[in-house]
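Using our numbering, the first residue of the sequence shown is number 191, and each one after it goes up by one. Ideal Cβ placement from N, Cα and C applies to all residues, glycine included. Before any comments, here is the structure.
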Amino acid sequence: MKKLIIGLGLMLMSVQLLAQVNTELRPPNFKQKIPAVQAHYLLPKIDNEQEREAEQKRQESAGDKMYRFGKEVEVDLPFFSLADHYITPNGNRISQFQIESKGAISINLILEDFHLASGATMFLTSEDGRYVGAYTSINNNEAEALGTEILKSDKITVVVEEPAKEIGNSRFTIKTIVHGYYNIDDIAKGLNTSGDCNVDVNCPLGVGWEQQRNSVAMMVSGGGFCTGALVNNTSGNIIPYFLSARHCGTNPTSWVFRFRWEAPQGQTVCAGTSNSGNGPTTMNVNGGVLRAQNGTSDFILVELNAAPNPSWGVYYNGWDKTDQNNATSGTGIH
């Protein structure tokens, strides 16, 4: 069986009726002159090569099917207690807190007790002008948890702007900092898991599988990642159910589901040794609720916190529960 391989997408807009992340907004520290951030947290030194070697050994000895790109460091950093605060001329409050992990390829965070007040925005920014966000009250959820997008830098600043009338009504604690020791864009090659027989999904062999391709997403879970796909239901009301493997974990509250992260047409490598071109990382849903699981058959069924934006062209796969085995071939898209 030949496999079609797809790179999947990360965090920015997901919809119930509104976007999960507002990509139209820019960080306040990029738009106006505010005091430089002083509040700073430095992680203990992490050796990237040592972590890569440990990951290789873990894969070889344990047969763990979930690949890891980063080391998860547990912390307890109440953001608003530690951050620098600045009041703008219009009365808004901007709070900043910097996190540094020297040598990290990327940093992403897991937040707990997460709640943003109406009108508040949160960003992750880097000194070279890149950023993730804006997160808003749309990202609030029952689990009060949020996993952020990955930002490629070893020093990031978490920036929150609150409207004057909402100052003090937002809260969250940074509970996990993920030090990236692999570049997630080419981790498959880095782990030697993508063979020459794997074919990019936008190669000719992928013709006819475009709908199923659009169902697939990568889940970023702290310092690890897996893949899965949207599945339909019999009620016809399009519940955003997502099917994946139990070995990927059973607590999806802070996962990031990245859709449509695929090599653009014309930038694909078809069964070769080099990498295809990188695709967009802006179609993402944050978090979900576990609805079912089974260890023996190694599955989980998650209901996403919001339905993916239809403009992304996502697809909900069909399925058949009849007790028949008529399949004569199979295709894997991951």
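Does the stretch 289-297 come within contact of the stretch 231-240, defined as at least 3 CB pairs closer than 8 Å? When Cβ pairs closer than 8 Å are counted between the two stretches, the stretch 289-297 is seen to touch the stretch 231-240, the count reaching three or more.
Would you mind reading off the limits of the alpha helix (DSSP H) that contains Gln401? Glu400 to Arg403 is the span of the alpha helix (DSSP H), which, as asked, contains Gln401.
Excluding the 5 residues preceding and the 5 following Ala229 in the sequence, name in chain order all residues of the same chain whose CB lies nearer than 6 Å to its CB. Correct list, in chain order: Leu272, Ala273, Asp274 and Phe287.
Local conformation of Asn329 per DSSP, three classes: Residue state, collapsed to three classes: helix.
Tell me whether the beta-carbon of Ser343 lies closer than 8 Å to the beta-carbon of Ile297. Yes, the pair counts as a contact, with Cβ atoms nearer than the cut-off.
Out of curiosity, what's the CA-to-CA distance linking Asn516 and Val397? Asn516 and Val397: Cα-Cα distance of roughly 23 Å.
Go ahead and pull the three-state DSSP assignment for Ala378. Any reading at Ala378 must be qualified, since the residue scores a pLDDT of 48, below 50, and its modelled position is unreliable; no value is offered.
Thinking just about the alpha-carbon of each residue, which of Asn423, His369 and Ala496 is nearest to the one in Gln240? Comparing C-alpha distances from Gln240 to each of Asn423, His369 and Ala496 shows the shortest one belongs to His369.
Just reading off the alpha helix (DSSP H) that Leu272 is part of, what are its end residues? Taken as a continuous stretch (DSSP letters only), the alpha helix (DSSP H) holding Leu272 covers Phe269 to Leu272.
DSSP has Ser296 in a bridge; who is on the other side? Under DSSP, the beta-bridge partners assigned to Ser296 are Gly370.
Alpha carbon to alpha carbon, how far is Met256 from His437? C-alpha separation (whole angstroms): 7 Å.
Which ranges does the beta strand (DSSP E) cover as unbroken runs of at least 3 residues, wholly within the stretch 413-464, from first to last along the chain? Listed in chain order, they are 414-421, 431-434 and 446-449.
How is Pro498 classed by DSSP in three states: helix, strand or coil? If DSSP states are grouped into helix, strand and coil, Pro498 belongs with the strands.
Excluding the 5 residues preceding and the 5 following Ala335 in the sequence, name in chain order all residues of the same chain whose CB lies nearer than 8 Å to its CB. Cβ within range, chain order: Ile300, Leu301, Glu302, Phe304, Thr443, Ser444 and Gly477.
Please state whether the Cβ-Cβ distance between Val227 and Thr347 is less than 8 Å. Yes.
Among Lys511, Asn427, Ser501 and Phe447, nearest to Val492 - alpha-carbon criterion: The residue among Lys511, Asn427, Ser501 and Phe447 with its C-alpha nearest the C-alpha of Val492 is Phe447.
Using a 10 Å radius around the Cβ and a threshold of 16 neighbouring Cβ atoms, would you call Gln402 buried or exposed? Counting every other CB atom within 10 Å of its CB across the protein chains shown gives Gln402 a total of 16 or more, marking it as buried.
Skipping 5 residues on each side, what residues in its chain have a beta carbon closer than 6 Å to that of Asn422? Apart from sequence neighbours up to five positions away, the residues of its chain that approach Asn422 with a beta-carbon distance below 6 Å are Tyr506 and Gly508, ordered along the chain.
Alpha-carbon to alpha-carbon, Ser411 and Ala378: Because the pLDDT of Ala378 is 48, which lies under 50, any placement of that residue in the model is unreliable, and the question is left without a value.
How is Gly281 classed by DSSP in three states: helix, strand or coil? Gly281 falls in the coil class under three-state DSSP.
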